[in-house]
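Chemist: Below is a structure I'd like to ask you about.
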Amino acid sequence: MTTKKQISVLLVVLILLFTLGCSSSSTPTAPGAGGGKEKNDLKVALTTTPPTIDMHRTTATVTQQVGWHIFEYLVTVDEKYQVVPSLAEKIEISPDGKTFTFPLRKGIKFHNGKDLTADDVVASLLRWRKYSTIGRAVVAPATITAKDSNTVVITLPKPSSALLPALAYPSQGAVIMPKEVIEEAGDGNVKKFIGTGPFEFVDWKQNQYIQVKKYAGYKTAPGPTSGLSGKKEALVDNIFFYFVPDAATRVAGIQSGEYDFAEGLPTDSYESLKKDPNINVQVAKPSSYISMIFNTKSGLFADVKKRQAVNAAIDSETIMKAVAGTPDFYELNHGLVFKEQIWYVDSGKEKYNQKNPELAKKLLAEAGYNGEPVTIITTRDYDYMYKSAVVLKDQLEKIGMTVNLEVYDWPTVLSKRSNDKLWSIFITGFLITLEPSETLYIDSRFKWAGWYSNPKMDALLDEMREAPNLEQAKKVFEKVQALYWDDVPVIKFGNLHQFSAARKNVKGAVFFCEKQYWNTTVK
Amino acid sequence: MAKYLLMRILSLLPVLAVVAVVDFIIIHLTPGDPAAVILGSDATDFDLARLREQLGLNLPIYVQFGRWLWGVLQGNLGWSIFMDMPVTTAIWQHLGPTVSLTVMAEAIAIVLAIPIGVMAAVNRGTWIDQSFMTLALLGISIPSFWIGLNFILLFAVQLNWLPAAGYQPLSNGLLNHLKYLIMPAVSLGIMQGALIARMTRSSLLEVLNENYIRTAEAKGLNRWIVIYKHALRNAFIPILTVIGLTFAVLIGGAVVTETVFNIPGIGKLIVTSVLRRDYVVIQGTVLMTAAAYVLINLLVDLTYAWIDPRVRLAK
């Protein structure tokens with residue numbers, strides 16, 4: 056064979072290889088442009104890819120956004136954030152407040168056709184307790200047993216008002232999976248995503264989408280829909296959760312109809328999307344709040360007086376305006392819980408948003424501050440973190456502090472923040488909690504970044520958790536919140552609402568804690 | 012030729028070895044770890060430490076490198092922490108979109124660039140030459156993602172002709188496949204085309220001044236036959252080099268374009284893996300890209316001999 060012929064053969068082989076490569080990732084069920092419309096499918100653009108949809112293992116919000124369509128909780132919350140049964144038929148609490156009995160609803164089947172039993176619930180709760188910070192804090196001393204095949208009993212050494220909210224907490228939730236799936240997972244993530252929810256897992260195309268489909272055997276909880284409880288119905292055949300990290304692409308995708316719903320949109324696209332006749336804009340609240348976290352373990356802000364000085368200087372409105380752009384997307388509020396929640400109290404309000412640089416300078420002088428550098432670590436990966444860090448730097452410099460702003464990608468911030476020698480302040484957001492003792496940064500035993508520790512606070516939190524009823528627990532919470540604003544391990548800037556948009560043909564997608572797509576139609 | 016091929020393929024090994032070591036060191040010197048990303052922002056130090064241990068991230072770097080290298084030598088690029096699959100599978104799954112995009116972008120680039128380059132060279136110094144070369148300069152200067160975003164605004168948002176983003180494999184129908192790829196391919200193709208057009212022009216200009224071209228024209232041959240059969244063929248080697256290089260760059264993943272158009276190709280795999288610190292995937296993808304780069308260049312060298320019979324491959 057001549058050289059020319061040999062080369063020709065090589066070229067043909069390569070072209071064939073290319074063609075094979077092109078067709079290797081076939082996705083027969085993926086909707087094409089407009090394909091979802093005929094098929095009664097819902098296409099949702101999420102901001103990022105979940106690390107896993109094993110909900111026991113991660114606190115990542117995106118895992119919850121997808122996962123709670125597949126999995127369900129033993130108990131959940133209604134629209135007033137009160138805990139009500141979900142997979143449980145009812146909740147029976149013994150007179151001494153130490154024993155919680157959960158008979159299960161009958162006839163519930165997992166997506167693999169297996170009946171839900173108390174053994175599945177026990178295995179799930181034990182696994183969740185192992186991985187969840189809140190689970191360990193609240194349920195660690197408990198014994199969790201199956202009284203019979205249909206009844207689960209949790210026994211605590213002391214009464215606890217925190218148990219039920221912990222079991223209902225949506226993020227890194229205590230969702231129920233089959234016992235066999237949990238046993239198969241061992242110390243790793245579950246290999247099969249099998250739950251009892253209105254949608255069942257179909258496919259995960261890496262860096263493209265997760266597909267869930269309507270679960271024909273779904274048995275909904277009784278009663279009308281309220282918060283996360285009551286009637287849930289899959290009204291679309293499939294949901295495709297697309298991962299679209301680029302914000303401009305999400306905006307263009309919702310405008311062009313490529314997606315039916317888009318999450319986490321930039322607020323500067325609010326006006327143009329509002330004017331679009333094909334789109335409904337949605338401002339979701341209460342959703343989250345943003346705060347700066349002090350390193351209270353070492354460095355400058357181990358000294359409470361310096362933290363109080365910074366708190367005196369903070370102008371929350373300027374920060375929130377820089378982050379959200381328009382008042383439609385933020386709310387100034389001091390509470391560790393949202394005012395829509397039954398736990399909401401006023402204590403500490405006077406210490407929030409003081410905007411008093413003179414007081415700040417005085418407190419700094421009293422604390423002996425001498426120009427030592429403050430290191431703020433932040434990231435551009437989350438727009439709100441970077442914008443608020445820039446304004447914060449300016450506000451701190453105005454009271455005479457020396458500030459270094461260090462900008463990294465998000466994994467680097469996560470890594471650096473676990474080393475107390477590398478930073479003074481970082482900024483993050485917190486999702487809604489159902490019970491205030493779930494707040495990560497006030498309980499020293501959670502050992503969360505910032506490492507705030509005050510035995511008085513821990514004692515108050517225990518007292519609150521062990522209170523016999525909500526009224527008494529709330530009284531203790533008033534003291535907790537007041538002490539928080541005295542110690543200021545974290546300074547809350549304000550509540551940030553979520554901006555999302557839906558095509559006009561999407562009905563019923565509700566935001567409660569996070570967006571949910573059961574009871575949603577797309578016609 | 013077989014010996015030549017074997018030698019060239021063997022010369023891949025030191026390149027890949029250097030890439031592997033440098034790649035591993037750079038990735039592991041970068042702060043951040045996958046455990047923090049897996050567990051999320053609310054994870055405590057306790058949970059992080061436990062997962063790091065489980066994933067083997069607390070082992071000394073040289074042990075981690077040794078384990079990875081041993082796997083690579085056995086043809087195993089490792090296991091992706093996040094995707095829960097072998098790295099080779101992950102790369103293979105993401106290769107299809109990138110190959111499609113590359114072939115299409117390159118085809119658009121060649122179809123546009125060569126006639127433009129030829130026209131510019133033939134009409135050297137005239138307004139045609141100047142207009143084409145200004146266009147080419149614009150093509151090189153404007154970032155492809157900017158062109159892409161404007162395409163999305165025009166063709167997807169305003170006119171609603173094409174989907175704004177996403178990908179459909181060839182198996183879901185050729186038309187569907189092309190509908191999703193045309194905008195990213197054109198936005199990438201414009202830049203590559205501009206490079207090729209400039210090279211075509213300058214290379215052709217050199218050849219057009221040669222005596223044998225003058226002789227051919229003096230013999231009364233048709234001008235276009237002279238240009239295409241005698242001039243362009245002889246001017247083609249540098250053009251082919253540029254085509255090869257642009258192809259190799261694209262096959263390594265058009266990172267920004269794939270992100271803007273949400274195409275699940277190699278570029279997106281790299282970005283996602285870097286953001287998640289999925290070390291083995293980054294290492295595997297970089298190794299694959301380096302190998303592809305060298306192999307494409309080898310292919311270009313082989314093609315020289317095909318185009319120009321005077322080129323002889325070493326025995």
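If you're matching them up, the sequences are chains W and Z in order. The numbering used here runs 55 ahead of the 1-based position in the first sequence. The numbering used here runs 11 ahead of the 1-based position in the second sequence. Yeah, the Cβ is synthetic: ideal placement off N, Cα and C, and Gly gets one too.
1) Quick one: using the 10 Å Cβ neighbour count with 16 as the cut-off for buried, is Asn-245(Z) buried or exposed?
2) If the criterion is Cβ atoms closer than 8 Å, does the pair Pro-195(Z) and Leu-112(Z) meet it?
3) Determine the direct distance from the alpha carbon of Phe-156(Z) to that of Val-267(Z), and round the result to whole angstroms.
4) Anything in chain Z within Cβ reach of Trp-503(W), meaning under 9 Å, just list it in chain order.
5) Just how far apart, CA to CA, sit Leu-186(Z) and Phe-272(Z)?
6) I'd like to know if Leu-495(W) contacts chain Z, where contact means its C-beta is closer than 8 Å to some C-beta of that chain.
7) Are the beta-carbon atoms belonging to Thr-275(W) and Glu-288(W) less than 8 Å from one another?
8) Suppose you measure from the CA of Pro-249(Z) to the CA of Thr-211(Z); what does that come to, to the nearest Å?
9) Residues in its own chain within less than 7 Å of Phe-356(W) by CB, not counting five upstream and five downstream?
10) Within 8 Å (strictly less), CB to CB, does Pro-275(Z) reach chain W?
11) Can you tell me which of Leu-495(W), Pro-321(W) and Asp-151(W) puts its alpha carbon nearest to the alpha carbon of Asp-301(W)?
12) Going by beta-carbon coordinates alone, are Arg-472(W) and Ala-504(W) separated by less than 8 Å?
13) Taking a cut of 8 Å between CB atoms, which residues from the region 291 to 317 of chain Z lie near chain W?
14) First and last residue of the alpha helix (DSSP H) that includes Pro-466(W)?
15) Contact criterion: CB-CB distance below 8 Å. Does Thr-467(W) meet it with respect to chain Z?
16) For the beta strand (DSSP E) containing Lys-268(W), name the first residue and the last one.
17) Give the straight-line distance between the Cα atoms of Ser-81(W) and Lys-476(W), rounded to the nearest whole angstrom.
18) Taking all protein chains shown into account, decide if Asp-401(W) is buried (16 or more other Cβ within 10 angstroms of its Cβ) or exposed.
19) Since Glu-372(W) contacts Leu-387(W) with CB under 8 Å, what's their CB separation in whole angstroms?
20) From Ala-221(W) to Gly-190(W), what distance separates their C-alpha atoms?
21) Just list the alpha helix (DSSP H) runs in the region 132 to 186 of chain W, keeping only unbroken ones of 4 residues or longer that don't cross its boundaries, in chain order.
22) What's the call for Gly-89(Z), buried or exposed, on a 16-neighbour Cβ count within 10 Å?
23) Throw me the rounded Cβ distance for the Phe-35(Z) and Phe-93(Z) pair, which I believe falls under 8 Å.
24) Counting C-beta neighbours from all protein chains within 10 Å, is the total for Tyr-128(W) 16 or more, i.e. buried, or is it exposed?
25) Might you give, ordered along the chain, the residues of its own chain that have their beta carbon closer than 6 Å to the beta carbon of Gly-89(W), omitting 5 neighbours on each side?
26) Against chain W, with Cβ distances strictly below 8 Å, would Phe-93(Z) count as a contact?
27) If distances are taken between C-alpha atoms only, which option among Leu-84(Z), His-105(Z) and Gly-150(Z) comes closest to Ala-124(Z)?
28) So what's Asp-258(W) in DSSP terms, helix, strand or just coil?
29) Ignore the nearest five residues each way along the sequence and tell me which others in Ser-79(W)'s own chain have a CB closer than 6 Å to its CB.
30) Can you name the residues that DSSP bridges to Ser-281(W)?
31) Determine the burial state of Gln-13(W): buried for a count of at least 16 other Cβ atoms within 10 Å of its Cβ, exposed for fewer.
32) Could you tell me how far apart the beta carbons of Gly-241(W) and Phe-165(W) are, in whole angstroms, since I believe they sit closer than 8 Å?
33) What residue from Pro-140(W), Phe-481(W), Trp-398(W) and Lys-404(W) has the CA that sits closest to Ala-367(W)'s CA?
34) So which residues of chain Z does Gly-308(W) contact, with C-beta pairs closer than 7 Å?
35) At a cut-off of 7 Å, is Asp-44(Z) close to the ligand GDP when judged by its beta-carbon and the heavy atoms of the ligand?
36) Give the DSSP-derived three-state secondary structure of Val-74(Z) in the structure shown.
Modeler: Considering the structure as presented:
1) buried
2) yes
3) 6 Å
4) Asp-53, Ala-54, Thr-55 and Asp-56
5) 17 Å
6) yes
7) yes
8) 8 Å
9) Phe-349, Asn-350, Arg-362 and Ser-479
10) yes
11) Pro-321(W)
12) yes
13) Leu-310, Leu-313, Thr-314, Ala-316 and Trp-317
14) 465 to 472
15) yes
16) 264 to 269
17) Note that Ser-81(W) scores 40 on pLDDT, short of 50, meaning its location in the model is unreliable and no value can be drawn from it.
18) exposed
19) 6 Å
20) 7 Å
21) 173 to 186
22) buried
23) Actually they are not in contact, since the Cβ atoms of Phe-35(Z) and Phe-93(Z) sit about 18 Å apart, beyond 8 Å.
24) buried
25) A caution first: Gly-89(W) carries a pLDDT of 42, below 50, which makes its placement in the model unreliable, though a value can still be read off. Around Gly-89(W): no qualifying Cβ.
26) yes
27) Gly-150(Z)
28) strand
29) At Ser-79(W) the pLDDT is 43, less than 50, meaning the model places this residue with poor confidence; the figure from the coordinates comes in the next sentence. If we look at Ser-79(W) and ignore the five residues flanking it on each side, it has no Cβ neighbours.
30) Ser-284(W)
31) Any answer about residue 13(W) is impossible in this case: the structure gives chain W only from 56 up to 578.
32) Between Phe-165(W) and Gly-241(W) the Cβ distance is about 20 Å, and since that is not below 8 Å, they are no contact.
33) Lys-404(W)
34) Ala-175 and Ala-176
35) With respect to small molecules bound, the structure shown includes none, and the ligand GDP cannot be examined in it.
36) helix
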